[in-house]
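Line order of the protein sequences matches chains D and A. Note that the numbering used here has the first sequence beginning at 10, numbered continuously upward. Note that the numbering used here has the second sequence beginning at 4, numbered continuously upward. Every residue, glycine too, gets a C-beta built ideally from N, C-alpha and C.
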Amino acid sequence: MASSNSPCAACKFLRRKCQPECAFAPYFPPDQPQKFANVHRIFGASNVTKLLNDLHPHQREDAVNSLAYEAEMRLRDPVYGCVGVISLLQHQLRQLQMDLYCAKSELSRYQNLSITTTHGLIASESAAAAYHHHQNVSSGSSFGRDHHYHYHHHQFLPREQQVMRGFESGNNYDASLLAMNISASLGQLNQLQHQSAAGGGDDRHAANRS
Amino acid sequence: MMSGRCAACKNQRRRCPSDCIFAPYFPANDPQRFACVHRIYGGSNVGKMLQQIPPCLRDQAANTLYYEAQCRILDPVYGCVGIISKLSQEIQNTEIALAQIQTQIDCHKLQVQQPKDELNFNVLSTIEAESSFDVLQGQNRSAPEYQLPSQFPCFN
Chain D
10 MASSNSPCAA
20 CKFLRRKCQP
30 ECAFAPYFPP
40 DQPQKFANVH
50 RIFGASNVTK
60 LLNDLHPHQR
70 EDAVNSLAYE
80 AEMRLRDPVY
90 GCVGVISLLQ
100 HQLRQLQMDL
110 YCAKSELSRY
120 QNLSITTTHG
130 LIASESAAAA
140 YHHHQNVSSG
150 SSFGRDHHYH
160 YHHHQFLPRE
170 QQVMRGFESG
180 NNYDASLLAM
190 NISASLGQLN
200 QLQHQSAAGG
210 GDDRHAANRS
Chain A
4 MMSGRCAACK
14 NQRRRCPSDC
24 IFAPYFPAND
34 PQRFACVHRI
44 YGGSNVGKML
54 QQIPPCLRDQ
64 AANTLYYEAQ
74 CRILDPVYGC
84 VGIISKLSQE
94 IQNTEIALAQ
104 IQTQIDCHKL
114 QVQQPKDELN
124 FNVLSTIEAE
134 SSFDVLQGQN
144 RSAPEYQLPS
154 QFPCFN
């Protein structure tokens, strides 16, 4: 709350007396004048007041901070504003998704190679063991050494199964990416417009333009 | 001419001049478009913003203003900043997953390079621990280019 000798940034900017019940005071402290200046320039004080009045008090701080962020982005980039940020982040995410897909492919190649090698070794060792068993029934030293070698591979197999399970669950990232695709979100917004519009205008033009 | 007014001038109930700045971007057959931006930004603010942009870019600017206004109407608390938050979180998650997969690849490469009967779990555990540390540090190095302000509310 503003004190009598310290008006909030909004009242300072608007050159008016800061009342004790000032709606802006909790969110625009006097030490952050640029915050209100930006918000005022993009949205206007009366629009911000209307927006805040429609929200619960506990939501207002988050709303003001997000408005301040949007205003700052719009001032930095008057053409694209926050949409430019969204586009950039989507591009970054797509790149990372491709990198992840390639990494998973490479990992599965290693795992397949490991499994194939292990199975091949087991098969060959089993054949060798069977051969040795037939040839030398009493001597088990070479079989013992080979069995020890098998033990290491068997230890690896459960971990590989864990990796494969993780590989399957990682595919959920693709669904998340689609859900946040800017085109999809525009489509959803247009669908909502169709539902809420009372026969005013052709919303398909808005969708095509977007 | 009353029938030739753009959506903005119709909304404001005024004459639409031939050089109306709104007319190319807010046609009369889409009143919802101007109504959205007017509700969030106000008509005069939109006009001022368009005036400051070169004419060749005003179409894009009007589209992005419309998109942001729609986001704000749908989500009055976070608007399109909520989308930014989700994307940032998803980028972080994907970076972590990528680092984990890379660690596993490195382990496999090590197995191929070193004789198999010399490897033990202690060695692999050390590699994974060091790689995890790199993952944690990597999260800070690979942060998105647009840094969110410190007071940005966490969207969860």
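By the CB criterion at 9 Å, Asn48(A) and Gly53(D) fall inside the cutoff. Residues of chain D whose Cβ lies closer than 8 Å to the Cβ of Ala72(A) do not exist; the shortest such Cβ separation is about 10 Å.
The alpha-carbon separation between Ala112(D) and Ser96(D) amounts to approximately 24 Å. Along the region 31 to 57 of chain D, going in chain order, the ones with a CB nearer than 7 Å to a CB of chain A are Ile51, Phe52, Gly53 and Asn56.
Interface criterion met: the Cβ of Leu76(D) is under 9 Å from a Cβ in chain A. For Ser88(A), the three-state secondary structure derived from DSSP is helix. Here the alpha carbon of Gln99(D) sits roughly 10 Å from the alpha carbon of Val92(D).
Leu116(D) is not a Cβ neighbour of Ile99(A), given a cutoff of 9 Å.
The beta carbon of Cys9(A) does not come within 9 Å of any beta carbon belonging to chain D, so the residue lies off that interface. Per DSSP, reduced to three states, the secondary structure at Asp40(D) is coil, with no helix or strand assignment. At a cut-off of 9 Å between C-beta atoms, Arg16(A) does not count as an interface residue with respect to chain D. In the structure shown, His100(D) falls within a helical segment according to DSSP collapsed to helix, strand and coil.
Within 10 angstroms of the beta-carbon of Met107(D) lie fewer than 16 other beta-carbons, which makes it exposed. Here DSSP, grouped into helix, strand and coil, assigns Leu23(D) to helix. Using a Cβ-Cβ cut-off of 9 Å, Ser91(A) counts as an interface residue toward chain D, since at least one Cβ of chain D sits closer than that to its own.
Residues of the same chain with a CB within less than 8 Å of the CB of Leu68(A), apart from the 5 flanking positions on each side, are Val40, Tyr44, Val49 and Met52 in chain order. Boundaries cannot be given for Gln117(A), as no alpha helix (DSSP H) includes it and DSSP labels it neither H nor E. Arg50(D) has its alpha-carbon roughly 8 Å from the corresponding atom of Ala80(D). Taken through DSSP and simplified to helix, strand or coil, Glu81(D) comes out as helix. Only buried fits Arg61(A), as 16 or more other CB atoms lie within 10 angstroms of its CB.
If you draw a straight line from the Cα of Val48(D) to the Cα of Leu60(D), it is about 12 Å long. Chain D has no Cβ within less than 9 Å of the Cβ of Ile24(A). With a contact defined as Cβ atoms closer than 8 Å, Cys9(A) and Arg18(A) miss out at about 11 Å.
The shortest CA-to-CA distance from Ile86(A) to any of Lys44(D), Asp86(D) and Ser75(D) is the one to Ser75(D). Residue range Gly46 to Gln54 is occupied by the alpha helix (DSSP H) that includes Asn48(A).
Around the Cβ of Thr97(A), a 10 Å sphere holds 16 or more other Cβ atoms; the residue is buried. When C-alpha distances from Phe22(D) are compared across Pro35(D), Leu102(D), Gln41(D) and Asp63(D), the shortest belongs to Gln41(D).
Glu79, Pro87, Val88, Tyr89, Gly90, Cys91, Val92, Val94, Ile95, Leu97, Leu98, Gln99, Gln101 and Leu102: these are the residues of the region 79 to 103 of chain D whose beta carbon lies less than 7 Å from some beta carbon of chain A, given in chain order. Going by DSSP, Ala34(D) is part of no alpha helix (DSSP H) at all; its letter is neither H nor E. Counting every other CB atom within 10 Å of its CB across the protein chains shown gives Glu71(A) a total of 16 or more, marking it as buried. Per DSSP, reduced to three states, the secondary structure at Ile24(A) is coil, with no helix or strand assignment.
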